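Residue numbering for the sequence shown follows full-length UniProt numbering, starting at 1 and increasing by one per position.
For each residue, glycine too, the CB sits at the ideal point set by N, CA and C.
Computed from a prediction, not measured in an experiment: that's the story for all the values here.
One structure is given here, and the rest of the page talks about it.
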Amino acid sequence: MTLFTIVLEMAVAFVAVFFIAVTLEAPKRTLRYGALAGALGWGVYLVGLLFLDIVAATFLASLFIAWIAHLFARLLKTPVTIYFIPAFITLVPGAGVYQSVYSFINKEYAVAQQHLVLTLQISGAIALAIFIVDSLFGLMARIKASREKNNPAK
1 MTLFTIVLEM AVAFVAVFFI AVTLEAPKRT LRYGALAGAL GWGVYLVGLL
51 FLDIVAATFL ASLFIAWIAH LFARLLKTPV TIYFIPAFIT LVPGAGVYQS
101 VYSFINKEYA VAQQHLVLTL QISGAIALAI FIVDSLFGLM ARIKASREKN
151 NPAK
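This is how it looks when you write it as structure tokens:
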């Protein structure tokens, strides 16, 4: 995969995530940030695929999307889900679900099972990354609140 291909796919991901955010009625001022999170996350995923398997690349990209979504939420004082939901659309394993069901309908149970297991692993990687980043940001907020409580400004 060339650098041009990665940049081109990131541009397409930006446009796709932008219009998904529009469809989900995200506030206008957050559209470009959500699209940027999705495009950068897709770029991390593509680069990750050069070195890692699909589950690990998805986990790495999900960590990045969750982290940047939290940063944008704090920067723009908006809920983090405004950035999460559209940005993660690029990583959702919809094709895996389709292939699982298609194989199951065609009575190819071993193939269906393989697709289903991979789909569940990818979904689990996304959920785990969101949980880790949410937990870290929550922990940092509690530490900050504790410091402010113990050392009030004079």
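Review point. Which of helix, strand or coil does DSSP assign to Lys77?
Key: Assignment of Lys77 by DSSP, reduced to helix, strand and coil, places it in the coil class.
Point to revise | Rounded C-alpha distance that separates Leu91 from Leu71 | key: If I take the Cα positions, the gap works out to 20 Å.
Exercise for review: Determine the closest residue to Leu31 out of Gly43, Ala125, Ser146 and Ala87, with distance taken between C-alpha atoms.
Suggested key: If we check each option's Cα against that of Leu31, Ala87 comes out closest.
Review point. What's the C-alpha gap between Ala21 and Ala145?
Key: Computed Cα separation, rounded: 32 Å.
**Study point:** Inter-residue Cα distance where the pair is Trp42 and Thr58
**Key:** Answer to the nearest angstrom: the Cα atoms are 9 Å apart.
Practice item. Spell out a yes or no on whether the stretch 51-70 and the stretch 115-122 are touching, meaning 3 or more CB-CB pairs, one atom from each, closer than 8 Å. Key: With three or more CB-CB distances shorter than 8 Å, the stretch 51-70 counts as touching the stretch 115-122.
Review point. Quick one: what does DSSP say Val92 is sitting in, helix, strand or coil?
Key: Val92 falls in the coil class under three-state DSSP.
Check your understanding: At which residues does the alpha helix (DSSP H) containing Met10 begin and terminate?
Key -> Leu3 to Thr23 is the span of the alpha helix (DSSP H), which, as asked, contains Met10.
**Study point:** Three-state secondary structure assigned by DSSP to Glu108
**Key:** Coil, per DSSP.
Review point. Using DSSP with H/G/I as helix, E/B as strand and the rest coil, what is Asp53?
Key: In the three-state DSSP reduction, Asp53 falls in the coil class, being neither helix nor strand.
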